[in-house]
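Working notes, structure below.
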Amino acid sequence: MGQDADPEGRAAPAAPSGGVSLDELAWIAGHWGGDAFGGQIEEAWFSPAGRSMSGSFRLVRDGLAVMYELLLLEQDDDGEIYYRFKHVGRGWEPWEETRLEYRLTTLEGREAIFRSTAEAPPPNAPWWFTYESPTGAELIVTIHGSGGGDPTVLSMTRR
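Residues 4 to 162 (the working numbering) make up the sequence shown, in order.
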């Protein structure tokens, strides 16, 4: 299956029109937290600088950090905005051989959609996901897995 459709056959949205600036995603910056995956999650993002935003994610279960993500939003020379990340577990053991890469395909106000640039994402990796912040005090990440099924919704509040 190509990157123009997800496992349910839905077409990918068109790329944002008219040069989107990374500054338009500044609403993601901050320290966010909530409950998910049987534990507590935290996601923190720096403000845009140098055509990038960097961040991290942590999952703590039963008092033990069990998963981390290094996160990067980056505007490349071609003007496209990419979301790149890598999962690591305890002891800094990587989950994937390479980074995961997604391209911003839609940006409407405080809602951004990112789609995988891979022909087929690795097992357990998202096919596509959305970030949205309807109130500025809440960050909602909706993850659509490569295996199909119901999406995973992470609801976090500003810390």
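From the three backbone atoms N, C-alpha and C, an ideal C-beta is built for every residue, glycine too.
{"Item": "8 Å Cβ cutoff met for residue 71 and residue 86", "Value": "no"}
{"Item": "Length at least 3, wholly inside the segment 13–61: the beta strand (DSSP E) runs in chain order", "Value": "33–39, 42–48"}
{"Item": "Separation of residue 40 from residue 127, as counted between CA atoms", "Value": "14 Å"}
{"Item": "With 16 other Cβ atoms within 10 Å as the buried cut-off, status of residue 29", "Value": "exposed"}
{"Item": "Cα-Cα separation between residue 49 and residue 56, rounded to whole angstroms", "Value": "6 Å"}
{"Item": "N-terminal and C-terminal residue of the beta strand (DSSP E) that residue 3 is part of", "Value": "Residue 3 cannot be examined here, being either before or after the span of the chain that is shown, 4 to 162."}
{"Item": "Check whether residue 34 and residue 47 have beta carbons under 8 Å apart", "Value": "yes"}
{"Item": "Within 8 Å, strictly: CB atoms of residue 143 and residue 132", "Value": "no"}
{"Item": "7 Å CB neighbourhood of residue 59 in its chain, flanking five on each side removed", "Value": "47, 71, 72, 73, 74"}
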